[in-house]
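Residue numbers (the numbering used here): 230 to 780.
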Amino acid sequence: MVKVLGGVWALLLGIVLIMLGNGMHFTLIGLRGAIEGFSSAELAIVTSGYFVGFLSGARYTPVLIQRVGHVRVFAALGSFISAALIALPLLTEPWAWTLLRMLIGFCMSGIYVTAESWLNAAASNETRGKVLSAYMMAQTLGIIGAQGLLTLGDAATSVLFICASILVSVSFGPILLSAVVAPVVEVSRAMSFGQLFRASPLGAIGIFLLGSVYATQSGMGAVFGTQIGLSGAQIALFIATLFAGALVLQTPIGWLSDRMDRRVLIGILAAAGAASCALGWMAEDALWPLIAAAFLAGGVTTPLYALLLAFTNDSLSAEEMPGASGGLVFSFGLGAILGPLAAGGAMEMLDPHAFWLVLAVTFVAISLYALYQVTQKARVPLEDTDSYLNILPTASPMAVEVAVEWAHEHAEDEQEALAAAEAAAQEEAFEHELEETFEEALEEALDEAFAANETPVDIQGAADQSAIDQSAIDQSVIEQSIIDQSGIEQSIIDQSGIEQSIIDQRDGRKTPAAAKSDRTDSAAAGGSDEPAWQTSTSHDALKAQWPPSTP
Numbered sequence: 230m231v232k233v234l235g236g237v238w239a240l241l242l243g244i245v246l247i248m249l250g251n252g253m254h255f256t257l258i259g260l261r262g263a264i265e266g267f268s269s270a271e272l273a274i275v276t277s278g279y280f281v282g283f284l285s286g287a288r289y290t291p292v293l294i295q296r297v298g299h300v301r302v303f304a305a306l307g308s309f310i311s312a313a314l315i316a317l318p319l320l321t322e323p324w325a326w327t328l329l330r331m332l333i334g335f336c337m338s339g340i341y342v343t344a345e346s347w348l349n350a351a352a353s354n355e356t357r358g359k360v361l362s363a364y365m366m367a368q369t370l371g372i373i374g375a376q377g378l379l380t381l382g383d384a385a386t387s388v389l390f391i392c393a394s395i396l397v398s399v400s401f402g403p404i405l406l407s408a409v410v411a412p413v414v415e416v417s418r419a420m421s422f423g424q425l426f427r428a429s430p431l432g433a434i435g436i437f438l439l440g441s442v443y444a445t446q447s448g449m450g451a452v453f454g455t456q457i458g459l460s461g462a463q464i465a466l467f468i469a470t471l472f473a474g475a476l477v478l479q480t481p482i483g484w485l486s487d488r489m490d491r492r493v494l495i496g497i498l499a500a501a502g503a504a505s506c507a508l509g510w511m512a513e514d515a516l517w518p519l520i521a522a523a524f525l526a527g528g529v530t531t532p533l534y535a536l537l538l539a540f541t542n543d544s545l546s547a548e549e550m551p552g553a554s555g556g557l558v559f560s561f562g563l564g565a566i567l568g569p570l571a572a573g574g575a576m577e578m579l580d581p582h583a584f585w586l587v588l589a590v591t592f593v594a595i596s597l598y599a600l601y602q603v604t605q606k607a608r609v610p611l612e613d614t615d616s617y618l619n620i621l622p623t624a625s626p627m628a629v630e631v632a633v634e635w636a637h638e639h640a641e642d643e644q645e646a647l648a649a650a651e652a653a654a655q656e657e658a659f660e661h662e663l664e665e666t667f668e669e670a671l672e673e674a675l676d677e678a679f680a681a682n683e684t685p686v687d688i689q690g691a692a693d694q695s696a697i698d699q700s701a702i703d704q705s706v707i708e709q710s711i712i713d714q715s716g717i718e719q720s721i722i723d724q725s726g727i728e729q730s731i732i733d734q735r736d737g738r739k740t741p742a743a744a745k746s747d748r749t750d751s752a753a754a755g756g757s758d759e760p761a762w763q764t765s766t767s768h769d770a771l772k773a774q775w776p777p778s779t780p
């Protein structure tokens, strides 16, 4: 995050300074108006004048930028704001304040468009989401910080108005000096309210009603505080709490938005806003119950704006989203013009606590219409929804369009990452199952092998013993073969002896023992020791006579 902010810190610093000046002048209108004796209805008209100018600036500033460039438009609009802020304490008339507020609203809208275009150009596709979040946080911190600055002076003098003018003028320095690229500003043609309603009824009606809530809170909150007798410091705390609640609740609401039906969540948050307004109405002038009511009422307002944008985008195609962004901003601006008028009129006719009554009725209308829409159309599957848009109601149409595009791309990236994670998980599960199957098969085979023996033995020992047994068997076979061979040879020898004995008997020969005895006797008598068969008849002759004739 630090690396991301390193390239846009000067732009963000300029945004904080702008919001400090703008936030101071919003609350000063209510404080100084009460001092000047303006009625609730007159201050309501002054408040609505700002949003008339803001809506006009969002429409025509891109045309001015295309004609003369970012730097010239930015410098001219900044000069007009500084002059108008200084002129407010000089021209303390409702009609003059209304015109000056229209001028300030027009110029602030143009400054937002210019600064946001530079900020968008400084961000890459990978960092755009974080840069947008940082931009929205800078805006909110600027508004909250502005309430603290109000305690440093007296609204009855011109000092605080001059301080607001100085802050706005100083903010141009870091923005202009850091903006080296002049990006192209292209704002798509906005959808008409009818087209937007046909595409997303809840988006069109909800944004319109929420514009009324936001403008009443930010513009008429200080008027309510002065009329019930709060001090300047208490009023500043009350207004700061409205925006602090949004800063705290934005993240958990965004987390819920991506995990449940957004229509149901819109209904729940709007009902919670109505409950907080009931608490504020019952608190009368007790400070801390009023602070608690402001925290919850303001805490759901800004997230509801982002939630309605995200829900509307879920009902549109990618080609329709840019035009729908402009249509949503227009619907919000229209509600912001009418809301203060309704609240101011009710406070004029009833009492200051009608401030809470108007807010509660509007919240209830949003809640009931959201829950009604749940029964009219099937829920969009979570995997087909875009990411939650962390964006403020003060953003220009260009910023909304950029945020919508980022949310759509981010949702696609998340779906691809989820699909890849599921594929990897399935592959891992398959490998694990295959491994378990192999282990089970091996275990069954070993169990069957062990079952054949009375006692289990060590596998390696069994293998070694098997080798020894096989060697012994082979040795026995060899020895038996030798024995058999010896027996065959002995049989041949015995057979030869038998044959020789038969020949000797038939030829009148003596046995070898008798022949030996004869040879002994002959030798003793001095005769020859050769056998008689060797001296009388040859071996071939004997064979020729075999077999002998029958006697």
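Glycine included, every Cβ here is placed at the ideal spot set by N, Cα and C.
Out of the options, which one is the CA nearest neighbour of residue i?
| i | options | result |
| --- | --- | --- |
| Ala-325 | Glu-271, Ile-372, Gln-376, Lys-359 | Glu-271 |
| Trp-585 | Leu-516, Ala-526, Leu-439 | Ala-526 |
| Ile-566 | Leu-675, His-299, Gln-446, Cys-392 | Gln-446 |
| Leu-242 | Met-366, Leu-328, Ala-654 | Met-366 |
| Ile-495 | Leu-533, Glu-265, Asp-487, Gly-252 | Leu-533 |
| Thr-604 | Asp-676, Ala-444, Asp-490 | Asp-490 |
| Ser-362 | Ala-653, Pro-626, Asn-619 | Asn-619 |
| Thr-455 | Glu-657, Ile-258, Glu-656, Val-237 | Ile-258 |
| Val-237 | Trp-347, Asn-542, Leu-389, Ala-500 | Trp-347 |
| Thr-343 | Leu-328, Pro-318, Phe-401, Val-388 | Phe-401 |
| Ile-244 | Ala-351, Gly-371, Trp-517 | Gly-371 |
| Met-331 | Ala-350, Val-302, Thr-480, Phe-255 | Phe-255 |
| Gly-573 | Ile-520, Leu-249, Phe-267 | Phe-267 |
| Leu-485 | Val-275, Ala-351, Thr-327, Leu-536 | Leu-536 |
| Ser-277 | Leu-459, Leu-317, Leu-328, Gly-552 | Leu-328 |
| Arg-608 | Arg-492, Ile-497, Ile-482 | Arg-492 |
| Ser-460 | Asp-514, Ile-247, Gln-602 | Asp-514 |
| Leu-405 | Ala-304, Glu-668, Tyr-364, Pro-323 | Ala-304 |
| Met-449 | Leu-379, Tyr-598, Ser-269, Val-558 | Ser-269 |
| Thr-386 | Tyr-364, Leu-293, Ala-350, Thr-321 | Thr-321 |
| Asn-251 | Leu-293, Leu-396, Leu-538 | Leu-396 |
| Leu-519 | Ile-457, Gly-382, Asn-349, Ala-499 | Ile-457 |
| Ile-247 | Asp-543, Thr-623, Ala-594 | Thr-623 |
| Ala-462 | Gly-382, Thr-666, Pro-481, Asp-543 | Gly-382 |
If you drop the 5 nearest sequence neighbours on each side, which residues of the same chain put their C-beta closer than 6 angstroms to that of residue i?
| i | result |
| --- | --- |
| Ala-239 | Pro-403, Ser-407 |
| Leu-306 | Cys-336, Gly-339, Ile-340 |
| Gly-528 | Gly-474, Ala-475, Leu-478 |
| Ser-394 | Ser-311, Leu-314, Ile-315 |
| Gly-286 | Phe-335, Ser-338, Gly-339 |
| Ala-523 | Phe-467, Thr-470, Leu-471 |
| Leu-293 | Val-302 |
Could you tell me how far apart the beta carbons of residue i and residue j are, in whole angstroms, since I believe they sit closer than 8 angstroms?
| i | j | result |
| --- | --- | --- |
| Ala-384 | Leu-260 | 4 angstroms |
| Ser-625 | Glu-345 | 6 angstroms |
| Ile-391 | Ile-315 | 6 angstroms |
| Leu-545 | Ala-428 | 6 angstroms |
| Ala-503 | Ser-398 | With 8 angstroms as the limit, Ala-503 and Ser-398 do not qualify as a contact, their Cβ atoms being about 41 angstroms apart. |
| Thr-369 | Leu-621 | 7 angstroms |
| Val-442 | Thr-530 | 6 angstroms |
| Leu-389 | Met-253 | 6 angstroms |
| Val-300 | Thr-290 | Rounded, the Cβ-Cβ distance is 14 angstroms, inconsistent with contact. |
| Tyr-598 | Leu-431 | 7 angstroms |
| Ile-274 | Pro-318 | Actually they are not in contact, since the Cβ atoms of Ile-274 and Pro-318 sit about 19 angstroms apart, beyond 8 angstroms. |
In chain order, what residues of the same chain lie with their CB nearer than 7 angstroms to the CB of residue i, ignoring the 5 residues before and after it?
| i | result |
| --- | --- |
| Ser-308 | none |
| Asp-750 | Note on Asp-750: pLDDT 47, under 50, position unreliable in the model; the coordinate value appears next. Excluding residues within five positions, none has a Cβ falling inside 7 angstroms. |
| Leu-563 | Phe-437, Gly-440 |
| Thr-591 | Leu-438, Ser-441, Val-442 |
| Lys-606 | none |
Can you name, in chain order, every residue of its own chain whose Cβ lies under 8 angstroms from the Cβ of residue i, other than the five neighbours on each side?
| i | result |
| --- | --- |
| Gly-556 | Ala-419, Met-420, Ser-421, Phe-422, Gln-424, Leu-425, Ala-433 |
| Asp-687 | Reliability of the predicted coordinates at Asp-687 is poor, the pLDDT of 48 falling under 50, and the value obtained from them is presented with this limitation in mind. Excluding positions up to five away in sequence, the list is empty. |
| Glu-549 | Met-420, Ala-428 |
| Ala-770 | For Ala-770, the predicted model reports a pLDDT of 46, less than 50, meaning its position is unreliable; a value from the coordinates is still stated below. Excluding sequence neighbours, Ala-770 sits near nothing in its chain. |
| Phe-561 | Ile-436, Phe-437, Leu-439, Gly-440, Tyr-443, Tyr-534, Pro-622 |
Legend entry - Runs of alpha helix (DSSP H) wholly within the region 465–512 (minimum 4 residues, chain order): 491–512
Inset, instruction - Determine, using beta-carbon pairs with one atom in the region 330–340 and one in the region 273–281, whether at least three such pairs fall under 8 angstroms. - result: yes
Legend entry - Touching by the beta-carbon criterion (3+ pairs, under 8 angstroms), the region 467–478 and the region 373–389: yes
Inset, instruction - Scan the region 289–371 and note each continuous beta strand (DSSP E) run of 3 residues or more that stays entirely inside, going in chain order. - result: none
Legend entry - Contact between the region 565–582 and the region 436–450 (3+ Cβ pairs under 8 angstroms): yes
Inset, instruction - Pair every Cβ in the region 580–600 with every Cβ in the region 505–513, then say whether three or more of these pairs are closer than 8 angstroms. - result: yes
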